[in-house]
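Asks: Numbering (the working numbering), first residue to last: 1 to 158. Where a beta carbon is used, it is the ideal one built from N, C-alpha and C, also for glycine.
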């Protein structure tokens, strides 16, 4: 099984929709107070805009030309001030491997590609957010060497 990683292109949109839905449906299921049900969580125009804005980088994993995974990233800069040092990071906005293709090394290959891409851009680090309820994702990220940087906490008032 040859897993190939490449940049996404506009013609990938329809093949990527089921993966975008998987991610969105998980978020809706664990936090229906925050996320709305939506069969098209990523509109074509939004996707196309990400492909050309220069800061987003979307990579797909393919097996025999079939898209089986996707990672959406965005370059971000933290400006130096009296409190923090300047930093340039690659933020992973979304990572998904199709359910029937999980546990085959596809996610690791996508993430390693992103790590290498970040190094090629001479960035300071790679970061992401992950839901506390997504224990399998947390375990996966730890297994590839990522560590918890901070934690957001909340109290719901109504």
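Just the C-alpha distance for residue 67 and residue 3, rounded to the nearest angstrom, thanks.
Replies: Numbered from its first residue, the chain shown carries residue 67 at position 67. Numbered from its first residue, the chain shown carries residue 3 at position 3. Rounded to the nearest angstrom, the two C-alpha atoms are 10 Å apart.
Asks: Using 10 angstroms around the beta-carbon of residue 83, count the other beta-carbons present and answer buried if the total reaches 16, otherwise exposed.
Replies: The residue labelled residue 83 in the question sits at position 83 within the chain shown. Under this definition residue 83 is an exposed residue.
Asks: If we require 4 or more residues per run, which alpha helix (DSSP H) segments fall completely within the stretch 94-128?
Replies: Listed in chain order, they are 106-120.
Asks: With which residues is residue 66 paired in a DSSP beta bridge?
Replies: Here the question's residue 66 lines up with position 66 in the chain shown. Note: residue 66 sits in a beta bridge opposite 63.
Asks: Which partner residues of residue 73 appear in the DSSP bridge assignment?
Replies: For this step, residue 73 is matched to residue 73 along the chain shown. DSSP lists 57 and 92 as partners of residue 73.
Asks: Just the C-alpha distance for residue 150 and residue 44, rounded to the nearest angstrom, thanks.
Replies: Indexing the chain shown from 1 puts residue 150 at position 150. Indexing the chain shown from 1 puts residue 44 at position 44. Computed Cα separation, rounded: 33 Å.
Asks: Over what stretch of residues does the alpha helix (DSSP H) that includes residue 142 continue unbroken?
Replies: The count along the chain shown starts at 1 and reaches residue 142 at position 142. Residues 135-143.
Asks: Locate the alpha helix (DSSP H) running through residue 16, then write down its first and last residues.
Replies: If you number the chain shown from 1, residue 16 lands on position 16. Where residue 16 is concerned, the enclosing alpha helix (DSSP H) stretches over 13-30.
Asks: If you measure from the CB of residue 137, is any heavy atom of the ligand FAD nearer than 7 Å?
Replies: This structure lacks the ligand FAD; in fact it carries no ligand of any kind.
Asks: Do residue 60 and residue 69 have their C-beta atoms closer together than 8 Å?
Replies: As a first step, residue 60 is located in the chain shown; it is residue number 60 there, counting from the start. As a first step, residue 69 is located in the chain shown; it is residue number 69 there, counting from the start. Yes, Cβ-Cβ distance for residue 60 and residue 69 is below 8 Å.
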